[in-house]
């Protein structure tokens, strides 16, 4: 009986370790000059049970014995010498092989850290339906021809007859002009990724003196967010840490072009349980101006026209890889008043071991009494606020927990740099299931 329990305990322990190891990514990045050490790559409870057979191309590692093969154990270390890939063949208890991990050695990237308040403008493909606005007819009755035709919030109006729609004012003009020539007009729309054509009968609105179809529309996404980083040589930037989404079912509204500009925070609407707060601001100033060329799950990316400065971090700083982010104290940089960048204390409470495609790489909690007093915690407009740990950029604020505004999520800075084209791509990530915005 004792032997049975011993075998059962041993097998169970092994299976648990295998599951834990399997949950760690099969691809990791390290910088040239970093130590290749198991305790730097895996949790202590796992690294102390692991050994790794190291296989690599010539010159990628500085090896004491001059060999290109080495058994790596806890407290051993090698130095990544040049960019390239290093394969670690992991063995449990030095005997049982169960996983291969590829280390991607990359050249170090340093960035100017952000925290600046920015205005974000996206010019979209077509015009989006965001609601209904009933028309008062001459007999006093109400009508919404667009709703009657089956148009729903989230639908994108691409064309009126054969004319491409570029703005809400143009759409209004086209509907009125076409309706004066014929009773029924054709609209080309896109909804849930499918393009179709619908026919609508506009009605004359006595209040506005024109023909309408009873819809509320929006022709661009705009708002206040936070700059995360700028690479000083190329002026490539990353901001927000999450995708700019629509209010409808179209998760990614295709945009033709976009830009970022300076913004000023005029007031704060404090967050509280069940109610998300927000920064209230306006676009102004000329110290930040740039073009957006990507709107992705990890934020918006593009190139600025000028260099930016940050009085709290006047020199470029290093960027931590995802496996280097630790639970514990950290700092976020953001603007609460006017244009002043301030530093506030937070705690990284949980770090998820695998990169995720929903902007939720870590859980953070605001611990700074001053920030809690002034904002209640994380609020709208803080998206993109840099997270600094041990003087390295580790991530950006992305989401707030509605029921506890002192808590929220952050995305790894490593993933944002990859999207910005500052790091080579990799393939190991959890599929995107949802895209939410703060």
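In my numbering, the protein residues as written are -13 to 424. No residue lacks a Cβ here, since even glycine has one placed at the ideal position from N, Cα and C. Predicted model only: the values in this text are computed from it and were never measured.
Extent of the continuous beta strand (DSSP E) to which residue 343 belongs
First-last for residue 343: undefined, no H or E at that position.
Got a sec, what are the start and stop residues for the alpha helix (DSSP H) residue 159 sits in?
Per DSSP, the unbroken alpha helix (DSSP H) holding residue 159 starts and ends at 154 to 165.
Rounded to the nearest angstrom, what separates residue 18 and residue 82 at their Cα positions?
One alpha carbon belongs to residue 18, the other to residue 82, and they sit about 30 Å apart.
Under the three-state reduction of DSSP, which class applies to residue 122: helix, strand or coil?
Reduced to three states, the DSSP call for residue 122 is strand.
How about residue 151: is its C-beta nearer than 8 Å to some C-beta of chain C?
Protein chains in the displayed structure number just one, and chain C is not present.
Residue 210: buried (16+ other C-beta within 10 angstroms of its C-beta) or exposed?
Counting the other CB atoms within 10 Å of its CB gives residue 210 a total of 16 or more, which places it among the buried residues.
My output table needs one value for residue 354: the three-state DSSP class, helix, strand or coil.
Reduced to three states, the DSSP call for residue 354 is coil.
For residue 387, the nearest candidate out of 363, 107, 145, 372 (CA to CA)
Per the Cα distances, 363.
For residue 192, count neighbouring Cβ atoms within 10 angstroms of its own Cβ and tell me buried if that reaches 16, exposed if not.
Exposed, because fewer than 16 other Cβ atoms sit within 10 Å of the Cβ of residue 192.
6 Å Cβ shell around residue 406 - same chain, five flanking residues per side excluded
Apart from the 5 residues on each side of it in sequence, residue 406 sits with its Cβ closer than 6 Å to the Cβ of 222, 224, 287 in its chain, given in chain order.
By the three-class DSSP mapping on this structure, what secondary structure does residue 359 have?
If DSSP states are grouped into helix, strand and coil, residue 359 belongs with the helices.
Of the choices 216, 317, 312, whose alpha-carbon is the least far from that of residue 296?
Distances from the alpha-carbon of residue 296 to those of 216, 317, 312 put 216 closest.
Residue 103 vs residue 267 beta-carbon contact at 8 Å
Residue 267 sits close to residue 103, with the two beta carbons spaced by under 8 Å.
Measure how close the beta-carbons of residue 199 and residue 188 come, nearest whole angstrom, since I'm counting them as under 8 Å.
Between residue 199 and residue 188, the beta carbon gap of about 5 Å places them in contact (Cβ cut-off 8 Å).
Since I believe residue 95 is in contact with residue 380 (beta carbons under 8 Å), could you give me their beta-carbon distance rounded to a whole number of angstroms?
With 8 Å as the limit, residue 380 and residue 95 do not qualify as a contact, their Cβ atoms being about 13 Å apart.
Rounding to the nearest angstrom, what Cα-Cα distance links residue 131 and residue 208 in this structure?
The alpha-carbon separation between residue 131 and residue 208 amounts to approximately 28 Å.
For the segment 136 to 150 against the segment 106 to 121, are there 3 or more C-beta pairs whose distance is under 8 Å?
Enough Cβ pairs lie closer than 8 Å, so yes.
Kindly indicate which three-state DSSP category residue 309 falls into: helix, strand or coil?
If DSSP states are grouped into helix, strand and coil, residue 309 belongs with the helices.
Cut-off 7 Å between Cβ atoms - residues of its own chain near residue 411, not counting five sequence neighbours on either side
Excluding positions up to five away in sequence, the list reads 404.
Residue range of the alpha helix (DSSP H) that residue 134 falls in?
DSSP places residue 134 inside the alpha helix (DSSP H), whose first and last residues are 131 to 134.
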